[in-house]
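Visitor: Residues -9 to 311 in my numbering are what the first sequence lists, from first letter to last. From the three backbone atoms N, C-alpha and C, an ideal C-beta is built for every residue, glycine too.
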Amino acid sequence: MRKSLRLKATPQESSHNKPSAVFLVGPTATGKSRIAVFLARKIGAEIISCDSMQVYKQMSIITSKPSAVLLKKVPHHLLGVVSAEQEYDVSRYRRQALATMRQIAERGKVPLFVGGTGLYMSILVDGIFKEKTPHPRTRALLYKQAQQHGSGYLHARLRKIDPEAALKIHSHDTRRIVRALEVFKTTGRPISHLQKERKGLADTHAVKIFCLSMPKADLDRRIDRRLDEMFRHGLVDEVRALRRLRLSRTAAYAIGLKELQGYWEGACSLDEAKALMKRATHQYARRQLTWFRKDKRIQWIAVGSAEPPRQVADRIWKKLS
RNA sequence: GCCGAGGUAGCUCAGUGGUAGAGCGCGGCCCUGAAAAGGCCGGCGUGGGGGGUCCGAUUCCCUCCCUCGGCA
-9 MRKSLRLKAT PQESSHNKPS AVFLVGPTAT GKSRIAVFLA RKIGAEIISC DSMQVYKQMS
51 IITSKPSAVL LKKVPHHLLG VVSAEQEYDV SRYRRQALAT MRQIAERGKV PLFVGGTGLY
111 MSILVDGIFK EKTPHPRTRA LLYKQAQQHG SGYLHARLRK IDPEAALKIH SHDTRRIVRA
171 LEVFKTTGRP ISHLQKERKG LADTHAVKIF CLSMPKADLD RRIDRRLDEM FRHGLVDEVR
231 ALRRLRLSRT AAYAIGLKEL QGYWEGACSL DEAKALMKRA THQYARRQLT WFRKDKRIQW
291 IAVGSAEPPR QVADRIWKKL S
């Protein structure tokens, strides 16, 4: 039998012998993909992407999917699984990820989740409250009301039906106010109650989470370098091809689409568009870090800017065994 | 060289005789079916240099420096 992952058993776990799930997360451009492949080989894992944008088929360069070389070394899942014309969301991701995980378990392998989407990670580890899918008509109506009367008006309504949620959601955060009202309208229950009902991998698995980190200045440099590389590798052609599609709203949020659109509309030069993309990605990395920082279960892996991926993988592996 | 406009936050620029703001950037934070999204908080400043008037100047005056435009 291939060496399977043995985690150091803590007192509580020793009797249960929970299956394990490993997460390798971190902001963009820290080198997750390469490190993940080395790590996966060492622990007998298959990789499940934990990225909200790499799920789209026609978007490879723009989302920095792992290279073909890497894909050949270890089985990867949930990359390019839907058309960029389709909407995608957390719950769909969760269903697909859990199903994939079961298949991997059947093969006697360990699931290694790799990506930078904090919410997707949390929804796996901690769970999601299950309710019916979004109700588009209710939602549309609520947005219309928000437009007419302002988000404060909706927030006041939320305060009446679900004070707890209203306290948590800022009165300007239209998106979450609408969602909370929508849930109440369609289920008759306050979202704040439903949200307490969640079960995730943390309840059934021995979950290990590793987050890569490096000084922000180094990270920004790496981001810039990667953006330059993306352009060299045909980013513009890829995005030009995307224009022939009817991109879904969710896919359209990928960093770079708006910027290149601006270029084609003559609002800026290509270099300016590239600079805007770099900036947007720096900001994105910052938000990612904020998300990960608050999760106290995370074990941080400080990566040297020139440290070989294999070495990083080794360090993580040592923490696992 | 002359004329004109201007030098205020990292950038673009407001404003005021009582030591300054906005947008963007930058930093921190929030996040349960849009999350590479959305929202919140923070001014981060030798107000070009020097001198003068004034109780008090970033604001008024003088001078020097710099930038931009026009004329030479």
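Please confirm if the region 293 to 311 is in contact with the region 225 to 240, defined as three or more CB-CB distances below 8 angstroms between the two stretches.
Guide: Touching, no.
Visitor: Taking the beta carbon of Gln278 as the centre, do at least 16 other beta carbons fall within 10 Å, making it buried, or is it exposed?
Guide: Locating residue 278 in the first sequence gives position 288, counting from the first residue. That one is buried.
Visitor: Looking at Val80 and Gly190, is the spacing between their C-beta atoms short of 8 angstroms?
Guide: What you label residue 190 is simply residue 200 of the first sequence in a count that begins at 1. What you label residue 80 is simply residue 90 of the first sequence in a count that begins at 1. Contact: no.
Visitor: Pick from His162, Thr164, Ile151 and Arg212: whose alpha carbon is nearest that of Lys182?
Guide: In the first sequence, counting from the first residue as 1, residue 182 sits at position 192. Reading the sequence as shown, one finds Ser at residue 182 and not Lys. Cα-wise, what sits closest to Ser182 is Ile151.
Visitor: So is Thr107 buried or exposed if we call it buried at 16+ other beta carbons inside 10 Å?
Guide: One-based indexing of the first sequence puts residue 107 at position 117. Counting Cβ neighbours within 10 Å, Thr107 comes out buried, since at least 16 surround it.
Visitor: Where are the alpha helix (DSSP H) runs, 4 residues long or more, that stay fully inside the region 191 to 236, in chain order?
Guide: DSSP runs (the alpha helix (DSSP H)) wholly in the region 191 to 236: 191 to 194, 206 to 222 and 225 to 232.
Visitor: Grab the span of the alpha helix (DSSP H) containing Val15 for me, first residue to last.
Guide: Residue mapping note: residue 15 aligns to position 25 of the first sequence, counting from 1. Run containing Val15: none in the alpha helix (DSSP H); it sits in the beta strand (DSSP E), Ser10 to Val15.
Visitor: Taking DSSP as the reference, what is the three-state secondary structure of Ile37?
Guide: To locate residue 37, count along the first sequence from 1; it is residue 47. Ile37: strand per DSSP, three-state reduction.
Visitor: Quick one: Cα of His66 to Cα of His223, how far?
Guide: Here residue 66 refers to the residue found at position 76 of the first sequence. Here residue 223 refers to the residue found at position 233 of the first sequence. In a straight line, the C-alpha of His66 is about 22 angstroms away from that of His223.
Visitor: In angstroms with no decimal places, state the Cα-to-Cα distance between Ile245 and Ile118.
Guide: For the purposes of this step, residue 245 is taken as residue 255 along the first sequence, with counting starting at 1. For the purposes of this step, residue 118 is taken as residue 128 along the first sequence, with counting starting at 1. Cα to Cα, Ile245 sits roughly 26 angstroms from Ile118.
Visitor: If you follow the beta strand (DSSP E) that Ile167 is part of, which residue opens it and which one closes it?
Guide: In the first sequence, residue 167 corresponds to position 177, counting from 1. That residue, Ile167, is in no beta strand (DSSP E); its alpha helix (DSSP H) goes Thr164 to Thr177.
Visitor: Assign Ser5 to one of two classes, buried (16 or more other C-beta atoms within 10 Å of its C-beta) or exposed (fewer than that).
Guide: If you number the first sequence from 1, residue 5 lands on position 15. Because the pLDDT at Ser5 is just 40, under 50, the model does not fix this residue reliably, and the point stays unresolved.
Visitor: With a CB to CB cut of under 6 angstroms and the five nearest residues on each side skipped, what residues in its chain are close to Ser238?
Guide: In the first sequence, residue 238 corresponds to position 248, counting from 1. These residues qualify, in order along the chain: Glu75, Gln76 and Glu77.
Visitor: Where does Ser105 sit, in a helix, a strand or coil, going by DSSP?
Guide: Working through the first sequence from its first residue, we reach residue 105 at position 115. For the record, residue 105 in the displayed sequence is Gly; it is not Ser. Three-state result, Gly105: strand.
Visitor: Under a three-way DSSP split, which group does His160 fall into?
Guide: Position 170 of the first sequence holds residue 160. In the structure shown, His160 sits in coil (DSSP, three-state: anything other than H, G, I, E or B).
Visitor: Measure from the alpha carbon of Asp322 to the alpha carbon of each residue in Gly256, Glu228 and Phe200, then state which is nearest.
Guide: Since the first and last residues shown for the chain are -9 and 311, residue 322 lies out of range.
Visitor: Less than 7 angstroms between C-beta atoms, sequence neighbours within five positions excluded: which residues of the same chain meet that for Leu68?
Guide: Looking up residue 68 in the first sequence gives position 78. Once the five neighbours on either side are set aside, the close Cβ partners of Leu68 are Ile38, Ser39, Val45, Gln86, Ala87 and Thr90.
Visitor: Report the three-state DSSP secondary structure of Tyr78 (helix, strand or coil).
Guide: Residue numbering aside, residue 78 sits at position 88 when the first sequence is read from its first letter. Looking at Tyr78 - three-state DSSP - the assignment turns out to be coil, as it is neither helix nor strand.
Visitor: Compute the Euclidean distance between the alpha carbons of Arg84 and Leu250, then round it to the nearest angstrom.
Guide: Mapped onto the first sequence, residue 84 falls at position 94. Mapped onto the first sequence, residue 250 falls at position 260. Each residue's alpha carbon lies about 31 angstroms from the other.
Visitor: Closest by CA to Gly105, which one among Arg82, Met43, Gly140 and Arg147?
Guide: For the purposes of this step, residue 105 is taken as residue 115 along the first sequence, with counting starting at 1. Checked all of Arg82, Met43, Gly140 and Arg147; the closest Cα to Gly105 is Met43.
Visitor: What's the call for Val15, buried or exposed, on a 16-neighbour Cβ count within 10 Å?
Guide: To locate residue 15, count along the first sequence from 1; it is residue 25. The residue in question, Val15, is buried, as its Cβ has 16 or more Cβ neighbours within 10 Å.
Visitor: What residues in its chain sit with their C-beta under 6 angstroms from that of Pro101, if we drop five residues either side in the sequence?
Guide: One-based indexing of the first sequence puts residue 101 at position 111. Taken in chain order, the residues that qualify are Ala11, Ile38, Met91 and Ile94.
Visitor: May I have the straight-line CA-CA distance separating Gln2 from Lys309, to the nearest angstrom?
Guide: Walking along the first sequence from the start, residue 2 turns up at place 12. Walking along the first sequence from the start, residue 309 turns up at place 319. Since pLDDT at Gln2 reaches only 44, below the 50 mark, its modelled position is unreliable, and no value is offered.
Visitor: Taking Ala185 as the reference, give the member of Tyr133, Phe221 and Lys158 with the closest Cα.
Guide: By 1-based counting over the first sequence, the position of residue 185 is 195. Strictly speaking, residue 185 in this sequence is Gln, with Ala absent from that position. For the residues Tyr133, Phe221 and Lys158, the minimum Cα distance to Gln185 belongs to Lys158.
Visitor: Look at Met204 and Ser295 and say whether their C-beta atoms are less than 8 angstroms apart.
Guide: Position 214 of the first sequence, counting from 1, holds the residue named residue 204. Position 305 of the first sequence, counting from 1, holds the residue named residue 295. Yes; because the gap between Cβ atoms is below 8 angstroms, this pair is in contact.
Visitor: Can you give me the C-alpha to C-alpha distance between Leu109 and His272, rounded to a whole angstrom?
Guide: Translated into positions along the first sequence, residue 109 becomes position 119. Translated into positions along the first sequence, residue 272 becomes position 282. Going by the C-alpha atoms only, they are around 19 angstroms apart.
Visitor: Quick check: the Cα distance between His162 and Ile213, rounded to an integer number of angstroms?
Guide: Residue 162 sits at position 172 when you count from the first residue of the first sequence. Residue 213 sits at position 223 when you count from the first residue of the first sequence. Cα to Cα, His162 sits roughly 31 angstroms from Ile213.
Visitor: Closest to Lys8 by C-alpha separation, out of Phe103, Thr194, Val173 and Leu61, would be which residue?
Guide: Taking the first residue of the first sequence as position 1, residue 8 is located at position 18. The option with the nearest alpha carbon to Lys8 is Thr194.
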